[in-house]
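Peer 1:
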Amino acid sequence: MAQTCWPYFDPEFENLSVKINPPRVSVDNTSCGHCTVVKVDSVNKPGILLEVVQILSDLDFTITKAYISSDGGWFMDVFHVTDQQGKKITDGRTIDYIEKALGPKGQTAEWMKNCPGKRVGVHSVGNHTTIELVGRNRPGLLSEISAVLADLQFNVAAGEVWTHNKRIACVLYVNDSSKNHEVHDMNRLSIMEEQLKHILHGCEEDEKVARTSFSTRFTHIDRRLHQMLFAERDYEGGGVTSEVDRASSFKPKIAVDRCVEKGYSVVSVQCKNRAKLMFDIVCTLTDMQYVVFHANIWSNGPYASQEYFIRHMDGCTLEAEGEKESVVKCLEAAIHRRVSEGLSLEVCAKDRVGLLSEVTRILRENGLSVRRAVISTVGEQAVNVFYVRDAYGNPVDTKTIEALRQEIGHSMMLNVKKDPGSAKAPQAEAEADAETEASSGWSKASFFFGNLLEKLLA
């Protein structure tokens with residue numbers, strides 16, 4: 001017989017429960033020799049696992065091991081985390097942030113307002129208008145989108161762009177360049193919407209999928225991108241297997257089985273380990289209306305194994321083969337969306353209107369296709385990261401890299417990182433990086449997006 005996952009939640013009763021039994025958060029750097037252990041005990045409620053994992057992911061932590069238990073009225077979990085360099089979390093400000101964000105005051109309006117994570121985009125964005133775009137992808141599309149924004153004098157302060165299975169999803173934070181606040185001119189917004197829709201449509205069949213929307217609210221970028229591509233059913237059709245999987249010969253292995261004794265369905269995932277992997281999986285299960293009761297997460301070198309004990313929101317397990325296949329396909333798509341296929345180009349320059357348009361135009365004119373992009377602003381400095389391949393999906397050759405360096409010039413800082421999808425990166429890329437760092441005095445690590453937290457908290 002099906003069991004009900006969540007009884008009716010009375011907000012007043014839930015608030016009373018939290019006051020009586022406030023969340024307990026522990027950040028432990030002594031019990032494990034190579035990682036920080038974060039423990040959270042709290043009253044159970046719908047979506048709490050995603051909230052916790054989202055906060056840890058926003059800090060760019062890698063979850064190497066985790067134990068989750070939320071069956072009943074209490075939520076208990078343990079996370080073993082490291083920073084991007086594989087080290088413990090020792091910075092006092094970061095630890096204080098974890099304790100506040102996951103603790104009793106984690107959901108207060110004031111704390112959420114000042115949260116430096118991606119829940120509010122980038123800390124220095126300020127007033128903004130959020131643009132959401134989704135449609136069919138094609139070479140040069142990002143360049144066309146950014147050109148429209150530049151022509152209308154909108155500055156792109158932050159955002160992300162994901163592409164997967166011939167689809168593109170963007171969440172961009174833009175400001176009115178003349179006043180540095182959200183756009184109030186409805187006529188300008190109307191013109192922008194019309195032009196962007198025209199670009200996204202491309203051909204008649206695209207009108208069924210192309211969408212734009214505007215708002216002045218903050219949104220969690222990663223969560224929204226997952227939702228947008230999921231709604232576009234990017235998990236269907238061909239092209240799911242990525243270049244990274246083909247190069248590494250390690251395609252994600254996903255299976256759905258039954259745990260008869262406890263009445264759960266067990267989703268097991270084996271794939272290459274990376275930051276935010278657990279968030280991507282939990283986010284997708286949540287959006288598919290499944291509840292995670294227990295989970296075991298562990299990693300062995302570069303690979304990760306994850307098990308989730310789930311039921312549907314109505315308490316039922318997954319019985320139909322079609323439903324199991326759907327879970328496998330959707331999780332596989334969620335894992336691939338964030339995979340950084342292609343060469344990583346980090347462009348740093350003084351922020352200005354048209355910067356994104358200029359850089360994406362140069363990439364397009366050199367025959368490069370943007371697979372993913374992260375746009376951010378720290379003070380007056382723009383830090384944009386592009387993951388690119390050539391127009392046919394192949395790794396970028398050394399000649400193209402040198403052409404990019406010549407065209408971008410000295411007004412911008414260009415850092416190049418090896419292509420994760422290729423077995424061996426061209427030696428010229430590493431040599432060019434070393435030469436750039438030596439001549440400029442800037443290091444690649446100093447402007448990598450994952451290191452922005454230290455600057456934001458300063």
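Its first residue numbered 1, the sequence shown is counted upward by one per residue in UniProt numbering.
All C-beta atoms in this analysis are idealised placements derived from N, C-alpha and C, irrespective of residue type, glycine included.
1. Is the Cβ-Cβ distance between residue 375 and residue 404 less than 8 Å?
2. Residue 260: buried (16+ other C-beta within 10 angstroms of its C-beta) or exposed?
3. For the ligand FMN, I want to know if residue 316 counts as a neighbour, meaning its beta carbon is within less than 7 Å of at least one of the ligand's heavy atoms.
4. For residue 348, does the three-state DSSP call read helix, strand or coil?
5. Within a Cβ cutoff of 6 Å, which residues of the same chain sit near residue 29, ignoring the five residues on either side of it in sequence?
6. If you drop the 5 nearest sequence neighbours on each side, which residues of the same chain put their C-beta closer than 7 Å to that of residue 356?
7. Measuring CB to CB, does residue 311 end up less than 8 Å from residue 340?
8. For a test of the three-state rule: what should DSSP assign to residue 268, helix, strand or coil?
9. Report yes if the CB atom of residue 280 is closer than 8 Å to the CB atom of residue 338, and no otherwise.
10. Measuring CA to CA, which of 174, 364 and 367 is closest to residue 127?
11. May I have a chain-ordered list of the beta strand (DSSP E) segments no shorter than 3 residues that lie completely inside the UniProt domain "ACT" (37-117)?
12. My parser needs the alpha helix (DSSP H) runs of 4 or more residues fully inside the region 120-183; what are they?
13. In chain order, what residues of the same chain lie with their CB nearer than 8 Å to the CB of residue 277, ignoring the 5 residues before and after it?
14. Nearest to residue 314 by CA position, among 46, 330 and 162, is which residue?
15. In or out: residue 286 buried (at least 16 other Cβ within 10 Å) or exposed?
16. Count the CB pairs spanning the region 317-328 and the region 91-99 that are closer than 8 Å, and state whether there are at least three.
17. Thinking C-beta only, is residue 102 closer than 8 Å to residue 292?
18. In angstroms with no decimal places, state the Cα-to-Cα distance between residue 251 and residue 348.
19. In the DSSP assignment, find the unbroken alpha helix (DSSP H) run with residue 261 in it and report its ends.
20. Closest to residue 132 by C-alpha separation, out of 332, 139, 151 and 168, would be which residue?
21. Bridge partners for residue 28 per DSSP, in chain order?
22. Residues bridged to residue 363 by DSSP?
23. Return the CA-CA distance between residue 466 and residue 81, expressed in angstroms with no decimal places.
24. Since residue 43 and residue 75 should fall inside the 8 Å C-beta cutoff, what is the C-beta to C-beta distance between them, to a whole number of angstroms?
25. Which residues does DSSP list as the beta-bridge partners of residue 290?
26. Could you tell me the alpha carbon to alpha carbon distance between residue 83 and residue 32, rounded to whole angstroms?
27. So, is residue 143 buried or exposed, given that buried needs 16 or more other C-beta atoms within 10 angstroms?
28. Between the C-alpha atoms of residue 184 and residue 190, what's the straight-line distance to the nearest angstrom?
Peer 2: So, to answer that:
1. As a working note, residue 375 is residue 375 in the sequence shown. As a working note, residue 404 is residue 404 in the sequence shown. Contact: no.
2. Within the sequence shown, residue 260 is the residue found at index 260, counting from 1. Exposed, since its Cβ has fewer than 16 Cβ neighbours within 10 Å.
3. Looking for the ligand FMN in the displayed structure turns up nothing, as the structure carries no ligands at all.
4. As a working note, residue 348 is residue 348 in the sequence shown. If DSSP states are grouped into helix, strand and coil, residue 348 belongs with the strands.
5. Counting from 1 along the sequence shown, the entry for residue 29 is found at position 29. Within the same chain, residue 29 has close Cβ partners 36 and 88.
6. The count along the sequence shown starts at 1 and reaches residue 356 at position 356. The residues are 146, 156, 375 and 384.
7. If you number the sequence shown from 1, residue 311 lands on position 311. If you number the sequence shown from 1, residue 340 lands on position 340. No, they are not a contact pair.
8. To locate residue 268, count along the sequence shown from 1; it is residue 268. In the structure shown, residue 268 sits in a strand (DSSP, three-state: E or B).
9. Your numbering for residue 280 matches position 280 in the sequence shown. Your numbering for residue 338 matches position 338 in the sequence shown. Contact: yes.
10. The count along the sequence shown starts at 1 and reaches residue 127 at position 127. Nearest of 174, 364 and 367 to residue 127, Cα basis: 174.
11. 62-69 and 74-82
12. 141-151
13. Position 277 of the sequence shown, counted from the first residue, corresponds to residue 277. Cβ within range, chain order: 63, 271, 304, 306 and 335.
14. Taking the sequence shown and counting its residues from 1, the one referred to as residue 314 is at position 314. Residue 46 is the option with its Cα nearest to residue 314.
15. Your numbering for residue 286 matches position 286 in the sequence shown. It counts as buried.
16. no
17. On the sequence shown, position 292 is the one that residue 292 refers to. On the sequence shown, position 102 is the one that residue 102 refers to. Cβ distance not < 8 Å, so residue 292 and residue 102 don't count as in contact.
18. Position 251 of the sequence shown holds residue 251. Position 348 of the sequence shown holds residue 348. Each residue's alpha carbon lies about 34 Å from the other.
19. Reading the sequence shown from its first residue, position 261 is the one you call residue 261. Counting along the chain, residue 261 falls outside any alpha helix (DSSP H), and DSSP gives it neither H nor E.
20. Mapped onto the sequence shown, residue 132 falls at position 132. Taking only the C-alpha atoms, the option nearest residue 132 is 168.
21. If you number the sequence shown from 1, residue 28 lands on position 28. 37, per the DSSP bridge assignment.
22. Working through the sequence shown from its first residue, we reach residue 363 at position 363. According to DSSP, which records beta bridges pairwise, residue 363 is partnered with nothing at all.
23. Outside the shown range of the chain, which is 1 to 458, sits residue 466, and nothing can be said about it.
24. Here residue 43 is taken as the residue at index 43 of the sequence shown, counted from 1. Here residue 75 is taken as the residue at index 75 of the sequence shown, counted from 1. Yes, residue 43 and residue 75 are in contact; Cβ-Cβ is about 7 Å, under 8 Å.
25. Against the sequence shown, residue 290 aligns to sequence position 290. According to DSSP, residue 290 bridges with 312.
26. For the purposes of this step, residue 83 is taken as residue 83 along the sequence shown, with counting starting at 1. For the purposes of this step, residue 32 is taken as residue 32 along the sequence shown, with counting starting at 1. Each residue's alpha carbon lies about 15 Å from the other.
27. Locating residue 143 in the sequence shown gives position 143, where the first residue counts as 1. By the 10 Å Cβ count, residue 143 comes out buried.
28. Numbered from its first residue, the sequence shown carries residue 184 at position 184. Numbered from its first residue, the sequence shown carries residue 190 at position 190. Distance between the alpha carbons of residue 184 and residue 190: 11 Å.
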